[in-house]
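J.: Going line by line, the protein sequences match chains A and B.
Throughout the first sequence, residue numbering follows the numbering used here, covering 41 to 393 in sequence.
Throughout the second sequence, residue numbering follows the numbering used here, covering 41 to 393 in sequence.
Here a beta-carbon is modelled for each residue, glycine too, at the ideal position from N, C-alpha and C.
Computed from a predicted model, the values in this text were never measured in an experiment.
Dumping the structure here so I can ask a few things about it.
There are 2 protein chains.
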Amino acid sequence: MNYKIRALREKLKSLNLEGMIVSNPVNIRYLTNIQSEGILLITRKENIFLTYTMYLEDVNRTLTIDDEIIVADTRDVSIEEAQNFFLFCENIGFEENYVTYEQYKKLKQKYRINNMVETEGIIEKQRMIKDEDEIEKTKKACEITDNCFKHLLEFIKEGMTEKEIALEIETYFKRNGADDVAFETIVASGENSSIPHWKPSDRKIKNADPILIDMGCKYKGYCSDMTRTIFMGCILEEIKPVYDLVLKTQKRVLEEMRSNYNIKTISRIVDDTFKLSNYFLIHSLGHGVGLDIHEMPFINQRNERFLKENMIVTNEPGIYLPGKYGIRIEDTVLVNKTDCTPLTKSEKGYVVI
Amino acid sequence: MNYKIRALREKLKSLNLEGMIVSNPVNIRYLTNIQSEGILLITRKENIFLTYTMYLEDVNRTLTIDDEIIVADTRDVSIEEAQNFFLFCENIGFEENYVTYEQYKKLKQKYRINNMVETEGIIEKQRMIKDEDEIEKTKKACEITDNCFKHLLEFIKEGMTEKEIALEIETYFKRNGADDVAFETIVASGENSSIPHWKPSDRKIKNADPILIDMGCKYKGYCSDMTRTIFMGCILEEIKPVYDLVLKTQKRVLEEMRSNYNIKTISRIVDDTFKLSNYFLIHSLGHGVGLDIHEMPFINQRNERFLKENMIVTNEPGIYLPGKYGIRIEDTVLVNKTDCTPLTKSEKGYVVI
Numbered sequence: 041m042n043y044k045i046r047a048l049r050e051k052l053k054s055l056n057l058e059g060m061i062v063s064n065p066v067n068i069r070y071l072t073n074i075q076s077e078g079i080l081l082i083t084r085k086e087n088i089f090l091t092y093t094m095y096l097e098d099v100n101r102t103l104t105i106d107d108e109i110i111v112a113d114t115r116d117v118s119i120e121e122a123q124n125f126f127l128f129c130e131n132i133g134f135e136e137n138y139v140t141y142e143q144y145k146k147l148k149q150k151y152r153i154n155n156m157v158e159t160e161g162i163i164e165k166q167r168m169i170k171d172e173d174e175i176e177k178t179k180k181a182c183e184i185t186d187n188c189f190k191h192l193l194e195f196i197k198e199g200m201t202e203k204e205i206a207l208e209i210e211t212y213f214k215r216n217g218a219d220d221v222a223f224e225t226i227v228a229s230g231e232n233s234s235i236p237h238w239k240p241s242d243r244k245i246k247n248a249d250p251i252l253i254d255m256g257c258k259y260k261g262y263c264s265d266m267t268r269t270i271f272m273g274c275i276l277e278e279i280k281p282v283y284d285l286v287l288k289t290q291k292r293v294l295e296e297m298r299s300n301y302n303i304k305t306i307s308r309i310v311d312d313t314f315k316l317s318n319y320f321l322i323h324s325l326g327h328g329v330g331l332d333i334h335e336m337p338f339i340n341q342r343n344e345r346f347l348k349e350n351m352i353v354t355n356e357p358g359i360y361l362p363g364k365y366g367i368r369i370e371d372t373v374l375v376n377k378t379d380c381t382p383l384t385k386s387e388k389g390y391v392v393i
Numbered sequence: 041m042n043y044k045i046r047a048l049r050e051k052l053k054s055l056n057l058e059g060m061i062v063s064n065p066v067n068i069r070y071l072t073n074i075q076s077e078g079i080l081l082i083t084r085k086e087n088i089f090l091t092y093t094m095y096l097e098d099v100n101r102t103l104t105i106d107d108e109i110i111v112a113d114t115r116d117v118s119i120e121e122a123q124n125f126f127l128f129c130e131n132i133g134f135e136e137n138y139v140t141y142e143q144y145k146k147l148k149q150k151y152r153i154n155n156m157v158e159t160e161g162i163i164e165k166q167r168m169i170k171d172e173d174e175i176e177k178t179k180k181a182c183e184i185t186d187n188c189f190k191h192l193l194e195f196i197k198e199g200m201t202e203k204e205i206a207l208e209i210e211t212y213f214k215r216n217g218a219d220d221v222a223f224e225t226i227v228a229s230g231e232n233s234s235i236p237h238w239k240p241s242d243r244k245i246k247n248a249d250p251i252l253i254d255m256g257c258k259y260k261g262y263c264s265d266m267t268r269t270i271f272m273g274c275i276l277e278e279i280k281p282v283y284d285l286v287l288k289t290q291k292r293v294l295e296e297m298r299s300n301y302n303i304k305t306i307s308r309i310v311d312d313t314f315k316l317s318n319y320f321l322i323h324s325l326g327h328g329v330g331l332d333i334h335e336m337p338f339i340n341q342r343n344e345r346f347l348k349e350n351m352i353v354t355n356e357p358g359i360y361l362p363g364k365y366g367i368r369i370e371d372t373v374l375v376n377k378t379d380c381t382p383l384t385k386s387e388k389g390y391v392v393i
């Protein structure tokens, strides 16, 4: 059995759970590499993947004998067989944050489960700590992202639209080894940069525009996430102190990030620094990055947890002045025992193109 | 108040519901045009959109006074205010197919709701029937898709990889007015075409390959969906009878599709025709298309509903011979009173490039 499923089984045992129903496709991919639709049943003795006829060939190509996963076509599983999977089991875990209310009711009934137990992100928590293979894949995604940024500095010209730039980014990613973008690319120019989640529009880049670019790609499933705010032609003097403050704060956070550092405290650094200058962080400072672009741990002032070695998280403070401009600087960062390593390494000082 | 919210309110009243919590972002977009994160509360007298600080500017740019939607920052809503939204209400609807088990519990508690009632896709059902504006947007998405197909016939050459072709499709869409792809493009060549949901790989197109291309784009949110199976250089003789059977069946379905036709019956036509030749349809015949690429009505033998005027659905029979090849032919189709109109119009006879 692969080590990820073994670790999950041990955790289940410690929680007094006799099995688990895994429905979230990202969790299924994490545990099995399977990318087809279906449901993974961790029963007392077996790991069973129930899927549909159309996916059987693909699933069987993906799995190896070592995985110890039985694959079945839902069509071939009778009502009685389904009810036998968790026979004599009392407590079976499920993903209360993924399973809909309707699915919950159906699962309970279909598998005749006495007590469906909320697992509180048991697999998401396991996913927080990356192994060597996962770190390598993330590094590769970050490397492609850095190279894309270099390419953009040559590519972007006055008069281009935000959409054209976003398309170039996506094309670059796919031509250079990435599976796909990790999320909808943000290219926000001029006053649009004051909206943190702006969608690329037909607005044309003008002289003196700030251009906020938030981009990331997936490499073998693993995501990168980086933001830089660059400038067309020149930087307006009024923007410089804001840029400097965001950059100083972002670097300050990097100095603090390390294993066993309290997430709440690290988020507070940013809030406190911003407030001194009468600014306010209107979104989270960051989030975990892995098979999902946004995953645990979420880096904000409400999170009481601690950073741990081999977590990969973002550090992305930003200041937004509605109707004027916004500045955000973000890196994907690997947490080490005593320090951290930014995996995205693009220039963070003033970049004027 | 816009007509979509008015229609929803009337439906709620007929179900004896005094309000509804709308969480599904696609349903929120349908009702309000808002594309930012948040939750829409349909209370007795008001429509309230609760969102986050970072989205306020964008939401306020989107809404007009006519929408009659109050926008609030969740941060500014006190516990008491939240509990007052549904004060003296007994039955409040929610989306049991979207809301997770965990969210269900939190909503019930936060808004102090006596009885959270499953709405069984009330808005998804409303979305099945498209209005003029929605049909126009879908037509435009289909037109871009047809033009892309024409472009591909010139573009695809022996030796290209599936990934290169998929990237060209996505680039074409974005350069030609689409918002985005409507789903991950499928380009499956040679034996890969036997896997209905193949992901484009580095396999190079060879002479005599079938190339199954399943693609679609979004135009102002509305999706198109089309599949063609074309051939590089020549068509192997053994494939022709299978292609002919799929095409004949696809056309037969188009002849039958019209308002008040039973969905189960139309799906059975395909199954019955295939079975006569010892083939088997391993996926659904089709699905509704709109703001979601897969939405109601789902066209399969388990659906007892009827097609209705101004539904937009796909018609996509396919035959798959594992390890050998697969043939699928799919159109996006508008259902009319007495017949139907395929909105994708690309060549369906043998196409050899």
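Interface residues of chain B around V98(A) at Cβ under 7 Å?
T.: Working through the first sequence from its first residue, we reach residue 98(A) at position 58. One detail in the question is off: residue 98(A) reads as Asp in this sequence, not Val. The answer, in chain order, is I235.
J.: If I follow the unbroken alpha helix (DSSP H) through H397(B), where does it start and stop?
T.: Lying outside 41 to 393, the shown extent of chain B, residue 397(B) is not represented and no answer is given.
J.: For S54(A), report the span of its alpha helix (DSSP H) as first-last.
T.: Position 14 of the first sequence holds residue 54(A). Looking at the DSSP string, the run of the alpha helix (DSSP H) that includes S54(A) is Y43 to S54.
J.: Helix, strand or coil, according to DSSP, for P382(B) in the structure here?
T.: As a first step, residue 382(B) is located in the second sequence; it is residue number 342 there, counting from the start. The answer is strand: DSSP assigns P382(B) an E or B state.
J.: N355(B) and V373(B) - do their beta-carbons sit closer together than 8 Å?
T.: Numbered from 1 along the second sequence, position 333 holds the residue referred to as residue 373(B). Numbered from 1 along the second sequence, position 315 holds the residue referred to as residue 355(B). Against a cut-off of 8 Å, the Cβ pair of N355(B) and V373(B) comes out as a contact.
J.: Would you identify the three-state DSSP class for T1(B), choosing helix, strand or coil?
T.: Nothing can be reported for residue 1(B): it is not among the residues displayed for chain B, which extend from 41 to 393.
J.: Name the chain A residues that come within less than 8 Å of L207(B), Cβ to Cβ?
T.: Taking the first residue of the second sequence as 1, we reach residue 207(B) at position 167. Near L207(B) (Cβ distances below 8 Å), the residues of chain A are T211, K214 and R215.
J.: Can you tell me the Cα-Cα spacing of N64(A) and I275(A), whole angstroms?
T.: Residue 64(A) sits at position 24 when you count from the first residue of the first sequence. Residue 275(A) sits at position 235 when you count from the first residue of the first sequence. Their backbone Cα atoms lie some 45 Å apart in a straight line.
J.: Counting only runs of 3+ residues fully inside the region 234-272 of chain B, write out the beta strand (DSSP E) ranges in chain order.
T.: Fully enclosed beta strand (DSSP E) runs of 3 or longer: 250-255, 257-259 and 266-271.
J.: Using a Cβ-Cβ cut-off of less than 9 Å, list which residues of the region 313-330 of chain A approach chain B; keep chain order.
T.: Those residues of the region 313-330 of chain A that come within reach of chain B (Cβ to Cβ, closer than 9 Å) are F320, I322 and H323.
J.: In chain B, which residues lie with their C-beta within 8 Å of the C-beta of Y144(A)?
T.: Counted from its first residue, the first sequence places residue 144(A) at position 104. By Cβ distance, chain B contributes Y141.
J.: In chain order, what residues of the same chain lie with their CB nearer than 8 Å to the CB of A479(B), ignoring the 5 residues before and after it?
T.: Chain B is shown from 41 up to 393; residue 479(B) falls before or after that span and cannot be answered.
J.: Any heavy atom of the ligand MN closer than 7 Å to the Cβ of L331(B)?
T.: No copy of the ligand MN occurs in the structure displayed, which carries no ligand at all.
J.: On a CA-only basis, which of G261(B), L347(B), I82(B) and S386(B) is nearest I379(B)? Give me that one, please.
T.: For this step, residue 379(B) is matched to residue 339 along the second sequence. It should be noted that the sequence gives Asp, not Ile, for residue 379(B). Nearest of G261(B), L347(B), I82(B) and S386(B) to D379(B), Cα basis: L347(B).
J.: Tell me which same chain residues have a C-beta within less than 8 Å of the C-beta of V99(B), skipping the five on either side of it?
T.: Translated into the one-based positions of the second sequence, residue 99(B) becomes position 59. Answer for V99(B): I74, S76, G78, F89, T91 and V111, listed in chain order.
J.: If you follow the beta strand (DSSP E) that N155(B) is in, where does it begin and where does it stop?
T.: By 1-based counting over the second sequence, the position of residue 155(B) is 115. Note, N155(B): beta strand (DSSP E), N155 to E158.
J.: Are any of the Cβ atoms in chain A nearer than 8 Å to that of N137(B)?
T.: Indexing the second sequence from 1 puts residue 137(B) at position 97. True, the Cβ-Cβ gap to chain A drops below 8 Å.
J.: When you check each C-beta in the region 94-121 of chain A against every C-beta of chain B, which residues fall closer than 9 Å?
T.: The residues in question are M94, Y95, L96, E97, D98 and R101.
J.: Restricting to Cα atoms, I'd like to know which of T305(A), Y360(A) and S264(A) is closest to I175(A).
T.: Start at 1 with the first residue of the first sequence, and residue 175(A) comes out as number 135. If we check each option's Cα against that of I175(A), S264(A) comes out closest.
J.: Residue range of the beta strand (DSSP E) that L285(B) falls in?
T.: Within the second sequence, the letter at position 245 stands for residue 285(B). Looking at the DSSP string, L285(B) is not in any beta strand (DSSP E); the run it does join, the alpha helix (DSSP H), is K280 to E296.
J.: By the DSSP assignment, the beta strand (DSSP E) with N87(A) in it spans what residues?
T.: To locate residue 87(A), count along the first sequence from 1; it is residue 47. Run containing N87(A): N87 to T91, per the beta strand (DSSP E) assignment.
J.: Please list the partners that P362(B) has in chain A, where partner means a Cβ-to-Cβ separation under 9 Å.
T.: Locating residue 362(B) in the second sequence gives position 322, where the first residue counts as 1. Result: L96 and E97.
J.: Using a threshold of 8 Å, state whether the C-beta atoms of D254(B) and S386(B) are closer than that.
T.: Translated into positions along the second sequence, residue 254(B) becomes position 214. Translated into positions along the second sequence, residue 386(B) becomes position 346. Contact flag unset, no.
J.: To the nearest angstrom, how far is the alpha carbon of C257(A) from that of M41(A)?
T.: To locate residue 257(A), count along the first sequence from 1; it is residue 217. To locate residue 41(A), count along the first sequence from 1; it is residue 1. Distance between the alpha carbons of C257(A) and M41(A): 30 Å.
J.: For F128(A), which of T104(A), L57(A) and M94(A) has the nearest alpha-carbon?
T.: Within the first sequence, the letter at position 88 stands for residue 128(A). F128(A) has its Cα closest to that of L57(A), out of T104(A), L57(A) and M94(A).
J.: Can you give me the C-alpha to C-alpha distance between Q143(A) and N137(B), rounded to a whole angstrom?
T.: Counted from its first residue, the first sequence places residue 143(A) at position 103. Counted from its first residue, the second sequence places residue 137(B) at position 97. If I take the Cα positions, the gap works out to 7 Å.
J.: In the DSSP output, what is V392(B) paired with across the bridge?
T.: The count along the second sequence starts at 1 and reaches residue 392(B) at position 352. Per DSSP, F271(B).
J.: If you run the structure through DSSP and keep just helix, strand and coil, what is V99(A)?
T.: Locating residue 99(A) in the first sequence gives position 59, where the first residue counts as 1. Helix at V99(A).
J.: Mind listing, in chain order, the continuous beta strand (DSSP E) runs of no fewer than 3 residues lying wholly within the region 110-139 of chain A?
T.: Those beta strand (DSSP E) runs which fall completely within the region 110-139 of chain A and span 3+ residues are 110-113 and 131-134.
J.: Let me confirm a value: Q290(B) is counted as buried when at least 16 other C-beta atoms fall within 10 Å, else exposed. Which label applies?
T.: The count along the second sequence starts at 1 and reaches residue 290(B) at position 250. The residue is buried, with at least 16 neighbouring Cβ atoms inside 10 Å.
J.: Which residues in the same chain have their Cβ closer than 6 Å to the Cβ of D220(A), if we skip the five residues on either side of it in sequence?
T.: Along the first sequence, one-based indexing puts residue 220(A) at 180. Cβ within range, chain order: K258.
J.: Is the region 199-213 of chain B close to the region 235-250 of chain B, with three or more CB pairs under 8 Å?
T.: With the cut-off at 8 Å, the region 199-213 of chain B and the region 235-250 of chain B touch.
J.: Pull up the distance between the alpha-carbon of T72(B) and that of T104(B), whole angstroms please.
T.: Within the second sequence, numbered from 1, the residue matching residue 72(B) stands at position 32. Within the second sequence, numbered from 1, the residue matching residue 104(B) stands at position 64. Computed Cα separation, rounded: 10 Å.
J.: Grouping DSSP H, G and I as helix and E and B as strand, with all else coil, what is S324(A)?
T.: In the first sequence, the residue the question calls residue 324(A) occupies position 284. Coil, per DSSP.
J.: Going by DSSP in three states, L331(A) sits in which element: helix, strand or coil?
T.: Along the first sequence, read from residue 1 onward, the residue named residue 331(A) stands at position 291. Here L331(A) sits in coil by DSSP.
J.: Are I132(A) and M156(A) touching if we call contact CB-CB under 8 Å?
T.: Taking the first residue of the first sequence as position 1, residue 132(A) is located at position 92. Taking the first residue of the first sequence as position 1, residue 156(A) is located at position 116. Yes, the pair counts as a contact, with Cβ atoms nearer than the cut-off.
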